[in-house]
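Undergrad: Structure provided below as C-alpha cells; questions to follow.
Protein chains: 2
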Amino acid sequence: MSVITIERQILEKNDEIARANRERFERSGIFAINLVSAPGSGKTRILEQCLERLKSRIRICVIEGDVQTDLDAQRVARYDVPVVQIVTRGGCHLEARLVQDALTRLDLAGVQLLVIENVGNLVCPANYDLGEAKKVVVVSTTEGADKPLKYPTMFRNASVLLINKIDLLPYVDCDLSALRENALKINPDLEIFPLSARTGDGMDAWCNWLVEKSVTRR
Amino acid sequence: MSVITIERQILEKNDEIARANRERFERSGIFAINLVSAPGSGKTRILEQCLERLKSRIRICVIEGDVQTDLDAQRVARYDVPVVQIVTRGGCHLEARLVQDALTRLDLAGVQLLVIENVGNLVCPANYDLGEAKKVVVVSTTEGADKPLKYPTMFRNASVLLINKIDLLPYVDCDLSALRENALKINPDLEIFPLSARTGDGMDAWCNWLVEKSVTRR
Chain H
127 MSVITIERQI
137 LEKNDEIARA
147 NRERFERSGI
157 FAINLVSAPG
167 SGKTRILEQC
177 LERLKSRIRI
187 CVIEGDVQTD
197 LDAQRVARYD
207 VPVVQIVTRG
217 GCHLEARLVQ
227 DALTRLDLAG
237 VQLLVIENVG
247 NLVCPANYDL
257 GEAKKVVVVS
267 TTEGADKPLK
277 YPTMFRNASV
287 LLINKIDLLP
297 YVDCDLSALR
307 ENALKINPDL
317 EIFPLSARTG
327 DGMDAWCNWL
337 VEKSVTRR
Chain W
127 MSVITIERQI
137 LEKNDEIARA
147 NRERFERSGI
157 FAINLVSAPG
167 SGKTRILEQC
177 LERLKSRIRI
187 CVIEGDVQTD
197 LDAQRVARYD
207 VPVVQIVTRG
217 GCHLEARLVQ
227 DALTRLDLAG
237 VQLLVIENVG
247 NLVCPANYDL
257 GEAKKVVVVS
267 TTEGADKPLK
277 YPTMFRNASV
287 LLINKIDLLP
297 YVDCDLSALR
307 ENALKINPDL
317 EIFPLSARTG
327 DGMDAWCNWL
337 VEKSVTRR
C-alpha cells in the first residue's frame, strides 16, 4: 500500500464527511465560510471587525482552528458569540471530521452564519473541504502581489478574496492592481474585497455581503 | 499499515538523507542555512539584500523551494549567483531528498554559504531536516507578536530568528518586545536579528553573522 493511496483515501473520507457537514448546514439554513490565509494575514482581526458590526444583525457562531493555543478563541469570545477552539497540536490544516466534532459542542438553533477560521497556512488547507458554502482566502498587502501565482491551489479553490491591510499600501511595495490581476489569472470568478481590518475601511462592503448570503439562505 | 507508521518512515528516511547532506556540507566547508517563514514574510527580499552585500565577500549558492513558479529563482539569478529552483507542485515543504537532487545541479567547489529558501509555510517545514547547519526563521512585524506561541515547533527547531519589516513598526500594532519574549519563551537559545530588508536597517549585523559562520567553517 503506497502513501499516495493512503492520501487519496484520507481525502475521500474527508470529502464524505464534508458532504455530511454541508447537508447539515443547508438543512439548518446556516451559511458557512472557511476562512483561510497565511499566518498573520489578519483572519482573526477581520473576524473581530465582522462580529462587532454583525452580532446584533445576524446570529453567528465561530470555530477556531490553530496549531497551538486558544488565543484566537479568547479574542472571539469577547464578542459574546459561541466559539469552539480546535487545537490541531501540530496539524497543518482543519479536516471535515474536526469540524463535525466541533459542531456537537455548538447550539446551532437559529444560527445564520458559521465562520470556520482555519490554521494559518496557504498550502495544506486548500485540499480539505470542510463542508463550507464558500472558501474565503485572505492575503495582506504586506505579503506581495505574487502570492496567487505561488500558491495557486488556494486561490483556485476559493470563491472570495479579501485583500487586507490596504492601510499599509503607502508603506509597502505592493502593486494592488498586479495582485488583483494575478488572483484573477488563477481564478477569474473570484469576488474581491480590498479592506483594512485595522481602520475599518472596506469592512462594510464585506459585512453586507456576509449578511446578504446569510439571510437569503434561510 | 497505519498512516502514522508511514509518516514515521518518511521522517526517518528524510533524516537519513539529511545526515548525508550535512556530512557533505561539513566535508566541503559549506555553511548551509534553511530559511523558513510564512508566505510573504520577506525571505527572498532578505536573501536579495544579503547577495547584494555578500557576493563579493564570500562564495554563495542558492536553492529555491516553491509550490509553483520560478519567480524567486529569477530574482536571485539577477545577482549572478548559482541558483536551482525546486518546484514542489503542491508540496508544502522541502525534503532532504529534493535538496540532494538539487545539489547535483550545482558546482559546489569553493562555495562557502548555501542558502536553502524553503516553501512559505510556518507549519510543515518545521519537521523536515534538510541537512542544514542552522534553521533560520523569519517573522515580520505585520504578522503580530503571537506567532511563536501559535506555531511553536518552527521556533523551537530554529537557531536564529529574523524579525523583518521593522520599518513598518510605526504603522502596525506589533509589540516588538512581546514578540521577542514569546519567541524566547518557546526557545531561549534563539539568536534574534531585527531588520528591514526594505530599508536595509539591521542587514549588516545579520550579514556579518553569516560571513563569520561561513568563513570559520573552512
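Residue numbers (our numbering), protein chains in the order written: chain H, 127 to 344; chain W, 127 to 344.
Every residue, glycine too, gets a C-beta built ideally from N, C-alpha and C.
1) Suppose you measure from the CA of H/Lys169 to the CA of H/Phe151; what does that come to, to the nearest Å?
2) What residues from chain H crowd round W/Gln194, counting only those whose CB sits closer than 9 Å?
3) Within 10 Å of its beta-carbon, does H/Ser340 have 16 or more other beta-carbons around it, so buried, or fewer, so exposed?
4) From H/Arg145 to W/Arg134, what does the alpha carbon distance come to, in whole angstroms?
5) Does any C-beta atom of chain H lie closer than 8 Å to the C-beta of W/Pro165?
6) Could you check where the alpha helix (DSSP H) with H/Glu338 kicks off and where it finishes?
7) Since W/Glu174 is in the alpha helix (DSSP H), which residue starts that stretch and which ends it?
8) Can you list, in chain order, the stretches of the alpha helix (DSSP H) that have 4 or more residues and sit fully within the region 246-318 of chain H?
9) Here's a check: name, in chain order, each residue in its chain whose Cβ is nearer than 6 Å to the Cβ of W/Leu287, leaving out the five neighbours to either side.
10) Roughly how far, in whole angstroms, is the beta-carbon of H/Asn140 from the beta-carbon of H/Tyr277, given that I think they are within contact range, below 8 Å?
11) Given a cut-off of 8 Å, decide if W/Glu221 and W/Asn160 are closer than it, judged by their beta-carbon atoms.
12) Less than 8 Å separating the beta-carbons of W/Phe157 and W/Gln238?
13) With 8 Å as the C-beta to C-beta threshold (strictly closer), list the residues of the region 287-298 of chain W near chain H in chain order.
14) Note down, in chain order, every chain W residue with its Cβ under 7 Å from the Cβ of H/Gly270.
15) Which chain W residues are close to H/Gly328, counting only those with a beta carbon under 9 Å from its beta carbon?
16) At a Cβ cut of 9 Å, what residues of the region 226-245 of chain W count as close to chain A, listed as they run along the chain?
17) So that I know if they touch, is there some Cβ in chain W lying closer than 8 Å to that of H/Cys187?
18) Near H/Arg201, what residues of its chain come up, given a Cβ to Cβ distance below 7 Å and the 5 sequence neighbours on each side ignored?
19) In terms of residue numbering, what span does the alpha helix (DSSP H) encompassing H/Ala199 cover?
20) Would H/Gly191 pass as a contact of W/Ala164 if the rule is Cβ separation under 8 Å?
21) In three-state DSSP terms, what is W/Ser154?
22) Since H/Leu197 meets chain W, which of its residues come closer than 8 Å, beta carbon to beta carbon?
23) At the 8 Å Cβ level, is W/Asn247 part of the contact set with chain H, yes or no?
24) If you draw a straight line from the alpha carbon of W/Ser303 to that of W/Thr267, how long is it in whole angstroms?
25) Should H/Leu305 and H/Ala331 be called a contact, given that it needs their Cβ atoms to be closer than 8 Å?
26) Within 10 Å of its beta-carbon, does W/Asn244 have 16 or more other beta-carbons around it, so buried, or fewer, so exposed?
27) By the criterion of Cβ-Cβ separation under 8 Å, what are the contact partners of W/Ser266 in chain H?
28) In terms of residue numbering, what span does the alpha helix (DSSP H) encompassing W/Asp192 cover?
29) Whose C-beta lies closer than 6 Å to the C-beta of H/Met127 among residues of the same chain, with five residues either side of it excluded?
30) Taking the alpha-carbon of H/Ala203 as reference, which of H/Arg215, H/Leu177, H/Gln194, H/Arg185 has the nearest alpha-carbon?
TA: Walking through what the data contain:
1) 22 Å
2) Using a Cβ-Cβ cut-off of 9 Å, W/Gln194 is close to Leu275, Lys276, Tyr277, Pro278, Thr279 of chain H, given in chain order.
3) buried
4) 30 Å
5) yes
6) 329-342
7) 169-180
8) 273-276, 278-283, 302-312
9) Val263, Ala309, Leu316, Ile318
10) Actually they do not touch by this definition, with Cβ atoms about 20 Å apart.
11) no
12) yes
13) Lys291, Asp293, Leu294, Tyr297, Val298
14) Gly166
15) Residues of chain W whose Cβ lies closer than 9 Å to the Cβ of H/Gly328 do not exist; the shortest such Cβ separation is about 17 Å.
16) Absent from the structure is chain A; the protein chains it does hold are H and W.
17) So, not an interface residue.
18) Thr170, Glu174
19) Per DSSP, H/Ala199 belongs to the alpha helix (DSSP H) from 197-203.
20) no
21) If DSSP states are grouped into helix, strand and coil, W/Ser154 belongs with the helices.
22) Asp272, Leu275, Lys276
23) yes
24) 11 Å
25) no
26) buried
27) Gly166, Thr268
28) Under the DSSP assignment, W/Asp192 falls outside any alpha helix (DSSP H), being part of the beta strand (DSSP E) whose first and last residues are 186-192.
29) Here H/Met127 scores only 41 on pLDDT, less than 50, and its place in the model should not be relied on; the value that follows carries that caveat. Hits under 6 Å: none found.
30) H/Leu177
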